[in-house]
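Take the position in the sequence shown, starting the count at 1, then add 292; the result is the number in the working numbering.
By construction, the Cβ of each residue, glycine as well, lies at the ideal position given by its N, Cα and C atoms.
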Amino acid sequence: MKEIISIDAEQVYSQLSPAECIGLMEQVFADEESGACVQYLRTAIPMPNGNVMAAMPAYFHAGFFGMKILSVYPRNSLDGYPSHQGQILVFDEAHGELKGLVDAMAVTGVRTGCCSAVASRYLARPESSVLALVGCGHQAWSHLRALKEVFRLQRVKVFDAVWARAKAFAEDAEAETDLPVEACMSIEETVKDADIICTLTAAKEPILKKEWVKPGAHINAVGACAKDAREIDGALTAAVRFYCDNVDSVCHESGDYLLALQEGSIAEGHIIGTIGEVMAGKVPGRTSPEEITMFESLGMAVEDLICADYLIGKAGRQ
Numbered sequence: 293m294k295e296i297i298s299i300d301a302e303q304v305y306s307q308l309s310p311a312e313c314i315g316l317m318e319q320v321f322a323d324e325e326s327g328a329c330v331q332y333l334r335t336a337i338p339m340p341n342g343n344v345m346a347a348m349p350a351y352f353h354a355g356f357f358g359m360k361i362l363s364v365y366p367r368n369s370l371d372g373y374p375s376h377q378g379q380i381l382v383f384d385e386a387h388g389e390l391k392g393l394v395d396a397m398a399v400t401g402v403r404t405g406c407c408s409a410v411a412s413r414y415l416a417r418p419e420s421s422v423l424a425l426v427g428c429g430h431q432a433w434s435h436l437r438a439l440k441e442v443f444r445l446q447r448v449k450v451f452d453a454v455w456a457r458a459k460a461f462a463e464d465a466e467a468e469t470d471l472p473v474e475a476c477m478s479i480e481e482t483v484k485d486a487d488i489i490c491t492l493t494a495a496k497e498p499i500l501k502k503e504w505v506k507p508g509a510h511i512n513a514v515g516a517c518a519k520d521a522r523e524i525d526g527a528l529t530a531a532v533r534f535y536c537d538n539v540d541s542v543c544h545e546s547g548d549y550l551l552a553l554q555e556g557s558i559a560e561g562h563i564i565g566t567i568g569e570v571m572a573g574k575v576p577g578r579t580s581p582e583e584i585t586m587f588e589s590l591g592m593a594v595e596d597l598i599c600a601d602y603l604i605g606k607a608g609r610q
């Protein structure tokens, strides 16, 4: 039996830089499209206590497979605990041995922004320089750090429903990045002149409206990840060129897509394709400077597994 490697959150953050993770996410989008890995739909299991256990399996033909498994306790914040907690289990493909466990929320915290950075690289205008972050939680840091690796940002604008959190984030982000970071009082003010907009909220109802978004902008829709929740209004969803990480996941659980479809704002076939398909040249990306593009980010287990396997391999070598 080989030693099982355990990697905690602190190790994830110290060993998985945004630049490394962006490379992994670009690789996994290509792998998922080519069939080098297998992405399965996540399973959400309601528990008798009213909370949820979620299982997200994936398989890589390169020699490993595994699962991200989470507990989801929406009311945990009342007691000072995170709402999502869990581990990524990585198994060796040859004999099914458990190779290691990696803190799931830390990996998610890093890789989500890096997925948006890769999508933005292929969909946003190359000269994009103004970034808008709607929501100033952990994912705001993930997106700022990742997008700063890909674009020559000149200005960042942020909004949060809690003003003090937006103000504190702006001050800390400005100190870390040496970029001007402005905390705004409204979402409209935050996004009105932004080249790249990231929605990173727990909103159930639309928070981003078509009339606020300038021609040529790119949107990373990240926060809403359930079929009854949406961040993007129907008119804006209809106006964008709609891309995603995984079409099956969008059709199964994306409120931004399903609710717009249900109300008649869009029709079947509105999804142009995945980022992997854009990378492979199977579907076109942006076709004009005036188009508004959108990346619907639901997250894939293959993204978590490739990061976890990379970290386990790195720890083994060290």
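Assumed close pair residue i, residue j - CB separation to whole angstroms, cut-off 8 Å
i, j, result
"A527", "K496", "Going by Cβ atoms, the distance from A527 to K496 rounds to 18 Å, so no, they are not a contact pair."
"T566", "E325", "7 Å"
"L492", "Q431", "4 Å"
"E474", "C517", "That pair is no contact at about 28 Å."
"V394", "I299", "4 Å"
"I584", "V382", "Not confirmed; about 38 Å, so no contact."
"M345", "S363", "6 Å"
"F534", "M586", "6 Å"
Counterpart residues of residue i in DSSP-defined beta bridges
i, result
"E474", "K449"
"P338", "V344"
"I511", "I489, M586"
"I244", "Here the chain covers residues 293 to 610 and nothing more, so residue 244 does not appear."
"F357", "Y351, F383"
"I567", "I567 is not bridged to any residue."
"V364", "V344, H376"
"L500", "I524"
For residue i, the first and last residue of its enclosing beta strand (DSSP E)
i, result
"P533", "For the sequence presented, residue 533 should be read as Arg rather than Pro. First-last of the beta strand (DSSP E) with R533: 533 to 536."
"L423", "422 to 426"
Local Cβ density within 10 Å of residue i, reported as buried at 16 or more and exposed below that
i, result
"I598", "buried"
"M592", "buried"
"R367", "exposed"
"Y373", "exposed"
"S589", "buried"
"G547", "buried"
"D537", "buried"
"M339", "exposed"
"M477", "exposed"
"V454", "exposed"
"H435", "buried"
"P576", "exposed"
"H510", "buried"
"G446", "It should be noted that the sequence gives Gln, not Gly, for residue 446. By the neighbour-count rule (16 or more Cβ atoms within 10 Å), Q446 is not buried but exposed."
"P507", "exposed"
"A559", "exposed"
"A465", "buried"
"E595", "buried"
"E555", "exposed"
"Q379", "buried"
"Q331", "buried"
For residue i, the first and last residue of its enclosing alpha helix (DSSP H)
i, result
"K606", "593 to 609"
"F443", "Unbroken run through F443: none, as it is neither H nor E."
"L553", "547 to 555"
"W455", "455 to 469"
"T579", "Neither: T579 is in no alpha helix (DSSP H) and is coded neither H nor E."
"V505", "Note, V505: premise wrong, no alpha helix (DSSP H); not H, not E."
Open item on the list: Threshold first: 3 residues or longer. Then list the beta strand (DSSP E) segments lying entirely within the region 376 to 406, N to C.
Closed with: 376 to 384, 390 to 395
TODO: List in chain order: all unbroken beta strand (DSSP E) runs of 3+ residues lying wholly within the region 303 to 337.
DONE: 329 to 331
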